[in-house]
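Take 262 as the starting number for the sequence shown in our numbering and just add one per residue. From the three backbone atoms N, C-alpha and C, an ideal C-beta is built for every residue, glycine too. Reviewing the structure listed below.
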Amino acid sequence: MISDYLIITGINVLLAWSVYIVLLTGSLSFAQGAFMAIGCYAASYLTTEMGLSFWPATLIAAGITAIIAGVIGFPALRLRGIYLILATLGITFCVRVLLENLEFLGGIGGMSGMLGTDLFAVVIAVVVVGLLLAVVSFSPLQRVFDAVREDERVAASMGINVTAVRLIGFAAGAAVAAVGGSLYGHYLTFVRPENFDVLLAIYVVLYVVLGGVNNMIGPFVGAVVMTLLPEYFRVLAEWRPTVFGLAVLLMLLVRPDGLLSFRFPTLRAGKTSNAIERKAA
């Protein structure tokens, strides 16, 4: 059904935005699949075992995930470049192994019995997160993010607590991924740790790369296109990794900044690639 495709697309949009939020502070996270899993399992446990309804369980799960991300991110965000990427990939592996060994969460067999969700719930989540991102883009917090992303030393000299800002972005991105995870689990009504492998984390980052990191619309478009394209061309579904790889190569050659590489005056994350190049130099 078309609503099923739209539900998955909306969830992927949330995941793409969760990466975008982390990018706002100049970091790149491959741990969003892990945070999605934590949110999914936490919300599922709260609805199936504690009797909570969907939205309270989802908000609590998002809060729990944000706290966990803050604890993990405090040492991890001290790393830079490839070391941070490897650390966040390691988080994804560790969370999956942990879930496979927690029997009260179903272990390797997974969890089932969650309440179903519908397209309306996904639309609400996407609209709320989108509005929050738009509000942040027009707020002084956006300028703080810009300063930290462009040059941490200059930002620190201006009195900005760089570590705190990066942690806020990391935790906020994790919370959004957790909301996506809650929607995902309650949509499927059955999840297993294998649903949250490292390939998922890579796909989510590619959504943002393909759509563009200069504004919040880029990740939205990237997630929509790369979710619906294989479904529209059914023959491509089995070749999804190949399609993604070719799309990334083509994008790097034709439009290195993504499909939507333009900048809005305020609705933007900045040109991260330029900042990286300056630091590398």
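- In this structure, the beta-carbon distance from residue 416 to residue 423 falls below 7 Å.
- Under the rule that a run must span 4 or more residues, the alpha helix (DSSP H) segments found entirely inside the region 378-431 read 380-398, 401-411 and 413-418.
- The straight-line gap separating the alpha-carbon atoms of residue 406 and residue 399 is approximately 12 Å.
- Burial is judged here by how many other beta carbons sit within 10 angstroms of a residue's own beta carbon; residue 301 has at least 16 and is buried.
- Counting the other Cβ atoms within 10 Å of the Cβ of residue 425 gives fewer than 16, which makes it exposed.
- Residue state for residue 314 is assigned as coil, using DSSP reduced to three classes.
- In the three-state reduction of the DSSP assignment, residue 264 falls in the helix class.
- Counting C-beta atoms within 10 angstroms of its own C-beta, residue 383 has 16 or more neighbours from the protein chains shown and is therefore classed as buried.
- Per DSSP, residue 347 is one residue of the alpha helix (DSSP H) stretching across 342-362.
- Residue 438 sits close to residue 279, with the two beta carbons spaced by under 7 Å.
- Apart from sequence neighbours up to five positions away, the residues of its chain that approach residue 409 with a beta-carbon distance below 8 Å are 286, 287, 416, 421, 423, 426 and 427, ordered along the chain.
- A residue is called buried when at least 16 other Cβ atoms come within 10 angstroms of its Cβ; residue 306 meets this threshold and is buried.
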